[in-house]
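Asker: Residues in the sequence shown are numbered from 23 upward in steps of one, following this note's numbering. Below you'll find the structure I mean.
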Amino acid sequence: MSPQDERTWGAISHAGAVVAMICSAGFLGFLASLAVYVIHKDRGPFVRAHAANSLNVQISMFIWLVVATVLYVILGIVTLGVGFFVFLPVFLVPLVFAGILHVIGAVKAFNGEWWDPPLTPSFVR
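Structure below.
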């Protein structure tokens, strides 16, 4: 795979995740990342790294959403139901943060830069 193709597929792994997140309210963003990782992981280290980073962002976002759900339920119960309405935007924080990381990752991949997203552990390498 040529370096330009690696950069393009690295960017697609991030941009595709953003598009899938928008189209599915955040539920299917991992599919684009997973598809690029599975298909192109052996075709070059650059595309593998960016696809893995994209998957790591998605896995982290899932964990953040689980934590947000637990907080949402606890705050809703403690506030006798008021928290269910007041704290609903808590779910937007992980989605927006993941979207920002994916946009940055897509730009960096397209420019040929190696990049590790902040606050994201390496679940996939």
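Don't be surprised by glycine CBs; every beta carbon is placed ideally from N, CA and C.
Measuring alpha carbon to alpha carbon, tell me which residue in Ala74, Val89 and Leu97 is nearest proline 143.
Answerer: Sequence index remark: in the sequence shown, residue 143 carries index 121 (1-based). If we check each option's Cα against that of proline 143, Ala74 comes out closest.
Asker: Please identify the residue among Thr91, Leu123 and Gly121 whose C-alpha is closest to the C-alpha of leucine 110.
Answerer: Position 88 of the sequence shown, counted from the first residue, corresponds to residue 110. Of Thr91, Leu123 and Gly121, the residue nearest in Cα terms is Thr91.
Asker: Take the Cβ of asparagine 78 as the centre, count every other Cβ of all protein chains shown within 10 Å, and call the residue buried at 16 or more, exposed below.
Answerer: Position 56 of the sequence shown, counting from 1, holds the residue named residue 78. Asparagine 78 should be labelled buried.
Asker: Would you mind stating whether isoleucine 81 and valine 58 have Cβ atoms separated by less than 9 Å?
Answerer: Numbered from 1 along the sequence shown, position 59 holds the residue referred to as residue 81. Numbered from 1 along the sequence shown, position 36 holds the residue referred to as residue 58. In this structure, valine 58 does not lie closer than 9 Å to isoleucine 81 by Cβ.
Asker: Is there contact here, the region 27-44 with the region 130-138, by at least three beta-carbon pairs under 8 Å?
Answerer: At 8 Å Cβ cutoff, the stretches touch.
Asker: Are valine 125 and histidine 36 closer than 9 Å when you measure CB to CB?
Answerer: Working through the sequence shown from its first residue, we reach residue 125 at position 103. Working through the sequence shown from its first residue, we reach residue 36 at position 14. Yes, they are a contact pair.
Asker: Could you spell out where the alpha helix (DSSP H) holding methionine 234 opens and where it closes?
Answerer: What the structure shows of the chain is the stretch from 23 to 147, and residue 234 is not part of that stretch, so it cannot be assessed.
Asker: Using CA coordinates, which residue listed in Val89, Leu56, Phe106 and Asp64 is at the minimum distance from glycine 38?
Answerer: Locating residue 38 in the sequence shown gives position 16, counting from the first residue. Cα-wise, what sits closest to glycine 38 is Leu56.
Asker: Considering only residues of the same chain and omitting the five flanking positions on each side of proline 4, which have a CB-CB separation below 7 Å?
Answerer: Residue 4 is absent from the model: the chain starts at 23 and stops at 147.
Asker: Can you check whether the CB of methionine 23 is closer than 9 Å to the CB of valine 69?
Answerer: For the purposes of this step, residue 69 is taken as residue 47 along the sequence shown, with counting starting at 1. For the purposes of this step, residue 23 is taken as residue 1 along the sequence shown, with counting starting at 1. For valine 69 and methionine 23, yes; Cβs fall inside 9 Å.
Asker: Beta carbon of glycine 105, beta carbon of tyrosine 94: below 9 Å?
Answerer: On the sequence shown, residue 105 is found 83 positions in, with the first residue counted as 1. On the sequence shown, residue 94 is found 72 positions in, with the first residue counted as 1. Yes. Within cutoff.
Asker: Looking at alanine 42 and alanine 54, is the spacing between their C-beta atoms short of 9 Å?
Answerer: Within the sequence shown, the letter at position 32 stands for residue 54. Within the sequence shown, the letter at position 20 stands for residue 42. Yes. Within cutoff.
Asker: So, using beta-carbon positions, are leucine 114 and proline 139 closer together than 9 Å?
Answerer: Walking along the sequence shown from the start, residue 114 turns up at place 92. Walking along the sequence shown from the start, residue 139 turns up at place 117. The answer is no: Cβ separation not under 9 Å.
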